[in-house]
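Numbering (UniProt numbering), first residue to last: 1 to 281.
No residue lacks a Cβ here, since even glycine has one placed at the ideal position from N, Cα and C.
Small disclaimer: the values here were computed from a predicted structure and weren't measured.
The structure appears below as C-alpha cells.
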Amino acid sequence: MLRTPGPDPEGRARRACFRTRPRGAPGGRQAVIERVAPEGVARAEAFDDALPGLPDPRELALLRGRPEATVRRFAAARACAHRCLDRLAVAPGPLLRTAEGGPAWPAGVVGSITHCAGYRGAVAARAEVWAALGVDAEPARPLPTGLLDLVATDPERRMVAGLSRSSPEVPWDRLLFSAKESVYKAWHPATGRWIGTLAVEVAFTADGLFTARVRPERTEPPPARRRPAATGRGVPRPVGGAYPYPGRWHVGGGLLLTAVAVPGPANRRPGVSRPTARLSV
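Following this line, the structure appears as C-alpha cells:
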C-alpha cells in the first residue's frame, strides 16, 4: 500500500473503499477490467465472493484468525488471480505472499490483484511481455474530506479542481489516489522500495489515459531487515530524472479502475522504447 504523509499512517482512504458498495455492480454487471488492462495479459474479475471451488488451504492459512468476510474477500480475489494463471498455462499451485505482503507470483510471471467493496480483479502476464503490472479498483465516490491534501501535490490539487469543474461526474480525487496505488503495485515488487503518495506525480487526460512519474528522490529504501528485490527489469527507463508509468483509467457502474504497465523485453521494437503491445482501449 502507498504510504501517506501526516496523520494517515493506517490508510484511511483504503479503509474507506470497503465501506461503500459501488452502485450498479450487483445488477447488469459488465466487464470493466478489460477497459484498463494492457493487451497481452490475462485478466479476471468478480463482483461477489462466490468461489468456483474450495480455496487452497495454504492460502487460507495466511488469514488464520481473520474475520470471515475478510477471508471470503481474499479467497475471491485469489480465485481471480488463479484464473489468470490458468489462462497463462501456469502449473497450479498456491499463490502465497512475499516478505513485504504482496502476492508471490510464480517465476517468470508478474501480476496485480485488487479488491474493494463489491469488486475483485486480477491481471497477470509473462514477464518477458510485461515486466511490471499494477491495477487498482475503487468505488466511484469522492475521497473522504481532507484526504486529498494528504495524497496530492499542489499541481495535482489544481489539476483535480480543474477537471472537477469540466467533468464533475468523475471523482477525480479518488481516481488520483487509485492511479498512485496502481503505480505502487508495479513499482514495489520490482524495486523493493516503499513509495509515498507524494513521490508519484499523475497527469490525467479526459480520454481515459494518464501518465504517472515516480520521483526517486522521494522514495524510501526498504527496511534493513528485508532484502530489496532486484531492480532494473521491471522499472521503466528514467526520463527527465523520473520513472514514467503510462496508464489507463475507467469509471462506470459505480466503480473506477486504473492500471499501469511496464513493457518487457519481448514487447519492444529494437531501439524503440515504446511497447509493441499497447494499453488497450
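Exercise. Is the segment 133–143 close to the segment 170–183, with three or more CB pairs under 8 Å?
Worked result: Two segments are said to touch when three or more pairs of C-beta atoms, one from each, lie closer than 8 Å; by this definition the segment 133–143 touches the segment 170–183.
For this session: Determine the DSSP secondary structure at Asp136, reduced to helix, strand or coil.
Result: One-based indexing of the sequence shown puts residue 136 at position 136. Here Asp136 sits in strand by DSSP.
Exercise. Taking Pro92 as the reference, which of Glu59, Ala132, Pro38, Arg120 has the closest Cα?
Worked result: Locating residue 92 in the sequence shown gives position 92, where the first residue counts as 1. When only C-alpha atoms are compared, the closest one is Glu59.
Exercise. Three-state secondary structure (DSSP) at Trp105?
Worked result: By 1-based counting over the sequence shown, the position of residue 105 is 105. Trp105 sits in coil when the DSSP states are folded into three classes, being neither helix nor strand.
Exercise. Ends of the beta strand (DSSP E) at Leu209?
Worked result: Here the question's residue 209 lines up with position 209 in the sequence shown. Where Leu209 is concerned, the enclosing beta strand (DSSP E) starts and stops at 209–214.
Exercise. Which stretch, first to last residue, makes up the beta strand (DSSP E) that contains Arg97?
Worked result: Here residue 97 refers to the residue found at position 97 of the sequence shown. Counting along the chain, no beta strand (DSSP E) covers Arg97, and no H or E run does either.
Problem set entry | Nearest-angstrom Cα separation, counted from Thr70 out to Pro55 | The residue you call residue 55 lines up with position 55 of the sequence shown. The residue you call residue 70 lines up with position 70 of the sequence shown. Computed Cα separation, rounded: 14 Å.
Problem set entry | As assigned by DSSP and simplified to three states, the class of Glu181 | As a working mapping, residue 181 is identified with position 181 in the sequence shown. If DSSP states are grouped into helix, strand and coil, Glu181 belongs with the helices.
Exercise. Who are the Cβ neighbours of Arg215 in its own chain at under 6 Å, not counting the five residues just before and after it?
Worked result: Counting from 1 along the sequence shown, the entry for residue 215 is found at position 215. Closer than 6 Å at the Cβ level, and outside the excluded window around Arg215, lie Ala199, Ala242.
Exercise. Between which two residues does the alpha helix (DSSP H) carrying residue 282 extend?
Worked result: Lying outside 1 to 281, the shown extent of the chain, residue 282 is not represented and no answer is given.
Exercise. Which residue's Cα is closest to the Cα of Asp48: Gly101, Ile33, His115?
Worked result: As a first step, residue 48 must be located in the sequence shown, where it is residue number 48. Looking from the CA of Asp48, the closest CA among Gly101, Ile33, His115 belongs to His115.
Exercise. From the DSSP output, which residues share a beta bridge with Thr219?
Worked result: Numbered from 1 along the sequence shown, position 219 holds the residue referred to as residue 219. Its beta-bridge partners are Ile195.
Problem set entry | Which of helix, strand or coil DSSP assigns to Gly111 | Along the sequence shown, read from residue 1 onward, the residue named residue 111 stands at position 111. In this structure, DSSP gives Gly111 an extended state, which the three-state scheme calls strand.
Exercise. What do you get for Thr191, buried or exposed, if any count of 16 or more other CB atoms within 10 angstroms of its CB means buried?
Worked result: Position 191 of the sequence shown, counted from the first residue, corresponds to residue 191. Label assigned to Thr191: buried.
Exercise. What is the rounded straight-line gap between the Cα of Pro263 and the Cα of His82?
Worked result: Translated into the one-based positions of the sequence shown, residue 263 becomes position 263. Translated into the one-based positions of the sequence shown, residue 82 becomes position 82. Going by the C-alpha atoms only, they are around 22 Å apart.
Exercise. Among Arg72, Leu255, Ala203, which one has its Cα closest to the Cα of Ala31?
Worked result: By one-based count along the sequence shown, residue 31 stands at place 31. When the alpha-carbon of Ala31 is set against those of Arg72, Leu255, Ala203, the nearest one is in Leu255.
Exercise. Exposed or buried, Asp154, counting other C-beta atoms within 10 Å across all chains shown (16 or more means buried)?
Worked result: The sequence position of residue 154 within the sequence shown is 154, counting from 1. That one is exposed.
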